[in-house]
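Here's the structure we're looking at; comments come further down.
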Amino acid sequence: MIEILSPARLALARETGALVAEILHTMKERATVGTNLLEIDAWTKQMIGEAGATSCYVDYAPSFGRGPFGHHICTGVNDAVLHGLPHDRELADGDLLSLDLAVSLGGVAADAAISFVVGDTRDPADLALIEATERALEAGIAAAGPGARIGDLAHAIGTVLTQAGHEVNTDFGGHGIGSTMHQDPHVPNIGRPGRGFVLRPGLMLALEPWVMADTAELVTDADGWTLRSATGCRTAHTEHTVAITQDGVEVMTARRP
């Protein structure tokens, strides 16, 4: 299903997006050396509840997972890049942590992800990996707007990632979002311009470049959810929910001042 949101629904989406951004950045501030992944999940649950929102993950049970997910935020450490199931693990100095969060507020969902290094030890290769996904996301957003095609966004994202020296996995990518978290159209992280669905005002997309340092192959943990790099290399994941407007694009999950 491809959903086109009314102006009133987009106004609700701004509130959802602001909540997602605030929770993610609060968790980034709290994620220090010694923080347990289960603490991050508990803090996220508390903030979602206090806002009167609903987690999109707790009851999430797609065909590719061993559902339901049962937690409120995805926590990927080092080689874990997608669907990281929170577990009893304390963060160490130099860990590369990816947090992915989707919530629904007022019947409209928003989805975003950030990656960052915990503590004081910062490997330049980790920072470059994160920066590549951030630049790719910026390129994808810049390519969006009414009349653009999905392939234009995919091409913009993929060009940045491949020029940074990364292979691009096409099993998972961005997606439509609205009254539910995952909708059509699929937005791959690499593609050909001028192809695919034509973007129109009211469409919301979750754009999410993610890469693994030296592979494009994923493996699944025994938990049935956490996806890791097949080689054990570091990974990074960055995501925003954006809305197509009459004259451009609006980032719904940007943090408000």
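If you read the sequence shown in UniProt numbering, its first letter stands for residue 1, the second for the next number, and so on.
Glycine included, every Cβ here is placed at the ideal spot set by N, Cα and C.
* What do you get for Phe64, buried or exposed, if any count of 16 or more other CB atoms within 10 angstroms of its CB means buried? -> exposed
* To do: Pick helix, strand or coil for Ile177, following the three-state DSSP scheme.
  => coil
* Start and end residues, beta strand (DSSP E) containing Asp111 -> 108-117
* Expected contact under 8 Å - CB spacing of Val20 and Val81 to nearest Å -> With a Cβ gap of about 19 Å, Val20 and Val81 do not count as contacting.
* Let me know the secondary structure DSSP gives Asp214 once reduced to three states. => coil
* To do: Along the beta strand (DSSP E) that carries His237, what are the first and last residues, could you check?
  => 235-237
* Beta-carbon proximity check, His175 vs His186, cutoff 7 Å -> yes
* Measure the Cβ-Cβ separation of Leu99 and Ile114 and say whether it is below 7 Å. => yes
* Asked: DSSP puts Met1 in a beta bridge; with which residues?
  -> Looking at the DSSP assignment, Met1 forms no beta bridge with any residue, so it has no partner.
* Asked: Leaving out the 5 sequence neighbours to the left and right, which residues in its chain are closer than 6 Å to Arg228 when beta-carbon positions are compared?
  -> Asp79, Ala80, Val219
* Simplified DSSP assignment, three categories, for His240 -> strand
* To do: Assuming Arg234 and Asp126 form a contact by the criterion Cβ under 8 Å, report the distance between their Cβ atoms to the nearest whole angstrom.
  => 6 Å
* To do: Leaving aside the five residues before and after Trp225 along the sequence, list all residues of the same chain whose C-beta is less than 7 Å from its C-beta, in chain order.
  => Gly65, Arg66, Phe69, His83, Leu85
* Asked: Whole alpha helix (DSSP H) runs in the region 23-102 with 4 or more residues, listed along the chain?
  -> 37-50
* Indicate the three-state DSSP secondary structure (helix, strand or coil) for Glu131 in the structure shown. => helix
* With burial defined as no fewer than 16 other Cβ atoms inside 10 Å of the residue's Cβ, what is the status of Pro62: buried or exposed? -> exposed
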